[in-house]
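Here is the structure we will look at.
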Amino acid sequence: MNQEGISMNHYTHFTIEEREEILKYSFLGFSICKIAKILHRNKSTISRELKRNASQGKYSPSMAQSEYSKRRTHCGRKKILNDPVRYE
Numbered sequence: 001m002n003q004e005g006i007s008m009n010h011y012t013h014f015t016i017e018e019r020e021e022i023l024k025y026s027f028l029g030f031s032i033c034k035i036a037k038i039l040h041r042n043k044s045t046i047s048r049e050l051k052r053n054a055s056q057g058k059y060s061p062s063m064a065q066s067e068y069s070k071r072r073t074h075c076g077r078k079k080i081l082n083d084p085v086r087y088e
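Numbering follows UniProt numbering, with no gaps: position 35 of the sequence shown is 35.
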């Protein structure tokens, strides 16, 4: 909870299953708003997922998951260099 006593939102990344659901419902012609309600996500989250991971206007759950994994490798703390020559 924050200082005002309001609980903070907990954010989670899409799973491959959720990405497959997005593809299925968008293929069936469901609106972004309707997909968001079904998956209990914000409509901007669904929209961003489709925009970020669509290649040539087509969304692929497996490609989206692969790109997500690649982006995750760049996260986290950077390694400290132990080479004293570089510091001189």
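The beta carbon of each residue, even a glycine, is placed where N, CA and C say it ideally should be.
Residue i versus residue j: straight-line alpha-carbon distance, rounded
i          : j          : result
residue 45 : residue 79 : 32 Å
residue 49 : residue 82 : 39 Å
residue 41 : residue 26 : 15 Å
residue 29 : residue 35 : 10 Å
residue 51 : residue 75 : 21 Å
residue 43 : residue 31 : 9 Å
residue 60 : residue 47 : 14 Å
With 16 other Cβ atoms within 10 Å as the buried cut-off, status of residue i
i          : result
residue 53 : buried
residue 71 : exposed
residue 14 : buried
Residue i in three-state terms, based on DSSP
i          : result
residue 25 : helix
residue 44 : helix
residue 79 : coil
residue 59 : strand
Residue from the options with nearest C-alpha to residue i
i          : options    : result
residue 38 : 19, 55, 56 : 19
residue 64 : 43, 17, 32 : 17
residue 58 : 12, 11, 22 : 22
Closer than 7 Å: residue i CB and nearest the ligand PLP heavy atom
i          : result
residue 71 : With respect to the ligand PLP, the structure shown offers nothing to examine, as it has no ligands at all.
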